[in-house]
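Scroll down for the structure; my scribbles are underneath it.
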Amino acid sequence: MSRSKNHENYHIKEEYPLLESVKRKVVGCIFFIWIVLLPLGWSSAQEVLDRIVAVVGNDIILESELKFDLSQYISQAGITFKNAEEQNKLQRDFLGQMINNKLLLLAAQKDTTIQVTSKEVDAAVAEQMKKVKAQFSEDAFQAQLQAEGLTENELKKKYREQIRNQMMVDRLVSAKLSKVSVSTKEVKDFYQSYEDSIPDQPEAVKLSHILLEIDTSPATLDSLKRKAEGILQLVRNGQDFAQLAAMYSDDPSGKEGGDLGFFKKGDMIPQFEDVAFTLKPGEVSDVVQTEFGYHIIKVDERKDDRVHARHILIMVRPSPEDTARAMHLADSLYLQLEQGADFGETAKAYSADEDSKKLGGELGWYPVATMTPEFKEAIKDLKIGEISPPVASQYGVHILKVLDRKTQRKLTLDEDWDAIKEMVRQKKTNEMIAKWADKLRQDYYVDVRL
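Rendered as structure tokens:
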């Protein structure tokens with residue numbers, strides 16, 4: 196299918212929504228990942244049950260869900276429309292992508308070779324929650340949850356299901372489409388057809404960093420565990436569990452007396468579940484340690500394969516002394532670097548980022564516009580080769596080095612061949628997936644009502 200050179204920019208994003216992801220080096224995912232498009236907004240998509248716009252197998256897509264997902268995509272992609280016809284076309288195409296994603300999930304669930312472990316899902320959920328929380332202050336995050344009628348654990352459950360489904364689809368597609376070749380002619384033809392619509396290369400920086408984690412000291416851990424044991428003793432002495440959760444729990448569920456509602460195996464992290472599913476109604480656990488901290492668990496009810504539980508969480512987090520210790524080390528390393536110490540060797544010796552430290556701390560290229568405020572502020576005045584003073588983030592304390600800079604400009608075949616080739620590969624892959632999804636429609640019931 197060919198298009199004129201003056202075709203509007205939104206059509207590139209409409210038909211090849213991953214082009215900008217390619218430029219961010221997110222080249223492994225070839226579908227919309229709804230958790231990225233929906234960082235926090237589940238209830239909003241479900242509030243207005245106005246009508247069903249599609250049925251896929253035994254699943255449905257609501258008009259409210261479509262409109263909410265689409266609005267998030269339009270906002271994040273920066274799409275503008277000349278008229279209602281363009282907007283309606285994008286809506287129809289977007290719904291088609293949602294239907295295709297559901298068809299591929301059905302195929303993945305049917306394929307017994309596709310496996311996703313709870314450990315993988317838990318790690319991805321934790322990473323997603325970090326990304327979501329980074330967009331808010333803690334108070335703003337809790338306010339947003341409250342506005343949407345969610346607890347933090349409910350949000351995690353929804354992310355867990357979404358992430359597991361997306362992992363299954365990604366693995367199915369990777370297995371089916373592991374090799375997609377792109378010829379020189381295809382790259383040139385693509386560039387000629389879409390030259391005026393291909394997004395500019397954004398302003399970007401190539402970074403290295405040294406990450407120092409703010410470790411919780413053994414003394415802090417002992418103090419937190421003793422606090423949890425003290426609360427457990429109050430429970431054993433007959434004090435009301437819900438009241439104690441409201442007073443002491445660091446989990447948002449504390450406001451509801453620690454109530455987690457009903458959950459089944461796979462909804463919670465394994466260490467928590469292993470204990471919760473051994474308790475009888477009314478029983479209270481000993482102190483249980485997980486990656487989040489120290490829990491006291493009480494089971495209220497059991498129904499079939501589900502339990503209704505409460506918990507009190509004493510969260511493991513660094514003390515002010517732990518933070519000061521990390522900052523002191525960062526200041527010391529920064530002084531050594533300013534005096535001529537080799538950045539790469541220092542990263543290999545001290546950085547907690549296991550992936551980048553092997554490369555001397557190198558992180559690669561990042562569009563300035565997508566950087567966190569802390570990083571953006573830290574590097575804004577740095578020239579190539581210069582190093583930032585220590586800067587704190589949710590991951591720890593960083594020392595940043597600017598390796599190179601790129602200004603915003605149009606992509607060209609001479610300078611950006613590999614990036615444009617990757618765009619073509621994504622285009623071909625998406626076309627193959629669309630054909631595959633069309634074949635799946637013969638195996639599953641699909642009713643489009645838009």
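When we follow the working numbering, the leftmost residue of the sequence shown carries the number 196, and every step to the right adds one. Even glycine gets a Cβ: it sits at the ideal position worked out from N, Cα and C.
Rounded to the nearest whole angstrom, the CA to CA distance from Arg-505 to Thr-312 is 25 Å. For Met-362, the enclosing alpha helix (DSSP H) stretches over residues 347 to 371. The beta carbon of Gln-304 is closer than 8 Å to those of Met-363 in its chain, skipping five residues each way along the sequence.
Rounded to whole angstroms, the separation of the alpha carbons of Thr-415 and Gln-434 is 26 Å. Here Gly-425 carries a helix assignment [DSSP, helix/strand/coil]. With 16 or more other Cβ atoms from the protein chains shown falling within 10 Å of its own Cβ, Gln-361 counts as buried.
Taking a 10 Å sphere around the C-beta of Thr-346, we find 16 or more other C-beta atoms and assign the residue as buried. If you draw a 10 Å sphere on the C-beta of Asp-384, you find fewer than 16 other C-beta atoms in it, and that means exposed.
Gly-252 sits away from Leu-299, with the two beta carbons spaced by 8 Å or more.
Sorting Met-618, Lys-601, Asp-599, Thr-602 by C-alpha distance to the C-alpha of Leu-608 places Met-618 at the top. One thing to note: Ser-444 has its Cβ no nearer than 8 Å to the Cβ of Leu-367. Just measuring C-alpha positions, the residue of Ala-279, Gly-535, Val-400, Asp-611 sitting nearest Asp-599 is Val-400. Arg-421 counts as exposed, since fewer than 16 other C-beta atoms from the protein chains shown sit within 10 angstroms of its C-beta. Beta-bridge partners of Gly-456 (DSSP): Ala-504. C-alpha of Ile-409 to C-alpha of Leu-524: approximately 10 Å in a straight line.
For the pair Gln-286 and Leu-265, the Cα-to-Cα distance works out to about 7 Å. DSSP, read as helix, strand or coil, puts Val-327 in helix. Take the alpha-carbon of Ala-370 and the one of Arg-359: they are about 17 Å apart. With respect to Ile-628, Val-597 sits apart: the two C-beta atoms are not nearer than 8 Å.
Going by C-alpha positions, Gly-488 is about 11 Å away from Pro-513. Counting along the chain, no alpha helix (DSSP H) covers Ala-547, and no H or E run does either. CA-to-CA, the gap between Gln-531 and Lys-543 works out to about 15 Å. Bounds of the beta strand (DSSP E) holding Arg-600 are 591 to 601. Going by beta carbons, Pro-447 and Gln-337 fall inside the 8 Å limit.
Taken through DSSP and simplified to helix, strand or coil, Met-522 comes out as helix. For Met-566, no pairing in a beta bridge is given by DSSP.
At least 8 Å separates the beta-carbon of Glu-424 from that of Val-502.
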